[in-house]
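In mature numbering (1 follows the signal peptide of the UniProt record, and there is no 0), the protein residues as written are -28 to -1, 1 to 248.
Glycine is no exception: its CB is placed at the ideal position from the N, C-alpha and C atoms.
Model, not experiment: these values are computed from the prediction.
Worksheet: the structure to be examined is printed underneath.
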């Protein structure tokens, strides 16, 4: 049941990205592979380098950055992750080489009045655990390196100018929104000792541990598979894992209270993932 739900969500999100990528009249932003990350073991599920797209800022926004973590569901078993490895959500070889930025990543003042002139970055999602995994399955040759990808990507962005930013925003939607919550304080720590204003935004990332209509905890079971398969227990916030099991700490409701970095939460009242 969990795998079926995961694959349905995965394909729905893939369709959204493909539709956006095909929209006319919007400048395409090329992909950049972080090849230096490979030596750190920060690789996609198939061992290829992590990647991002960046549209540089200008004018008043040249010293401001928004870093968006791509969403795209999860994989909760080695079998499901082997399937995912053969898609753009598991391999940078299969990712679109160009993306059109929309919403808070748009360069249009009319569409995106607050951030259009900022440095806008989309970090591609290819680990399957909201950038929280740490492991490797030798039998299937699947890498679970989400945490390393996150660290390597942020370090790379710092090296190309984000270290001198006046303000930065870590954002994400769906699985990327969950990642923004999980990594909010980690992101803030990269700017410790600097005068940079750091905030986070999670769009549709507040997944709830709630009883479903059948009286079960379907999502908790599913997330339990994600955490176990990817070895995420060792990367989740210690403020939570110090007193709760790792699966519970994959749910934002058990993390939010201890996050020190300012964070905004955006969730639709009719989000089907929150409707038990």
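Determine contact between the segment 11 to 18 and the segment 92 to 105, defined as no fewer than three beta-carbon pairs at a distance below 8 Å.
Touching, per the Cβ criterion.
If contacts are defined as beta-carbon pairs under 8 Å, then residue 68 and residue -3 qualify, I think. What distance do you get, rounded to the angstrom?
What you label residue 68 is simply residue 96 of the chain shown in a count that begins at 1. What you label residue -3 is simply residue 26 of the chain shown in a count that begins at 1. Between residue -3 and residue 68 the Cβ distance is about 13 Å, and since that is not below 8 Å, they are no contact.
Alpha carbon to alpha carbon, how far is residue 7 from residue 250? Give it in angstroms, no decimals.
There is no way to answer for residue 250, as the model of the chain reaches only from -28 to 248.
Just to confirm the assignment: which complete beta strand (DSSP E) runs, minimum length 3, are found wholly within the segment 166 to 203?
169 to 175, all fully within the segment 166 to 203.
Note down, one range per segment and in chain order, each beta strand (DSSP E) of at least 3 residues found wholly within the segment 72 to 97.
Runs found: 91 to 95.
What does a CB cutoff of less than 7 Å around residue -8 pick up in its chain, not counting 5 residues either side in sequence?
By one-based count along the chain shown, residue -8 stands at place 21. Low confidence applies to residue -8: its pLDDT is 48, below 50, so where it sits in the model is not reliable, and the reading given next is rough at best. Within the same chain, residue -8 has close Cβ partners 68, 71 and 72.
I'd like to check one pair, residue 159 with residue 142: are the Cβ atoms closer than 8 Å?
Reading the chain shown from its first residue, position 170 is the one you call residue 142. Reading the chain shown from its first residue, position 187 is the one you call residue 159. A contact, by the Cβ cut-off of 8 Å.
Can you give me the Cβ contacts of residue 168 inside the same chain, cut-off strictly under 8 Å, excluding the 5 residues immediately before and after it?
For this step, residue 168 is matched to residue 196 along the chain shown. For residue 168, same chain residues with a beta-carbon under 8 Å away, outside a window of 5 residues either side, are 137, 138, 139 and 140 in chain order.
Between which residues of its own chain and residue 226 is the CB-CB distance below 7 Å, once the five residues before and five after are set aside?
For the purposes of this step, residue 226 is identified with residue 254 of the chain shown, where counting begins at 1. 212, 216 and 220.
Just curious, the beta strand (DSSP E) that residue 40 is in, first and last residue?
By 1-based counting over the chain shown, the position of residue 40 is 68. Counting along the chain, the beta strand (DSSP E) containing residue 40 begins and ends at 36 to 41.
Buried or exposed for residue 175, please, with buried defined as at least 16 other CB atoms from any protein chain shown within 10 angstroms of its CB.
For the purposes of this step, residue 175 is taken as residue 203 along the chain shown, with counting starting at 1. Classification for residue 175: buried.
Please list, in chain order, all residues of the same chain as residue 233 whose beta carbon is under 8 Å from its beta carbon, the five residues on each side excluded.
As a working mapping, residue 233 is identified with position 261 in the chain shown. For residue 233, where only same-chain residues beyond five positions count, the Cβ hits under 8 Å are 156, 157, 159, 160, 170, 171 and 172.
Could you check what DSSP says for residue -8 in three-state terms: helix, strand or coil?
For the purposes of this step, residue -8 is identified with residue 21 of the chain shown, where counting begins at 1. Residue placement at residue -8 is poorly supported in this model, since its pLDDT is 48, which falls under 50; the coordinates still yield a value, given next. In the three-state DSSP reduction, residue -8 falls in the helix class (H, G or I).
Using the Cα positions of residue 64 and residue 20, report the straight-line distance between them to the nearest angstrom.
In the chain shown, the residue the question calls residue 64 occupies position 92. In the chain shown, the residue the question calls residue 20 occupies position 48. Residue 64 and residue 20 have their C-alpha atoms spaced approximately 6 Å apart.
So for residue 10, helix, strand or coil by DSSP?
Counting from 1 along the chain shown, the entry for residue 10 is found at position 38. Residue 10 sits in a helix when the DSSP states are folded into three classes.
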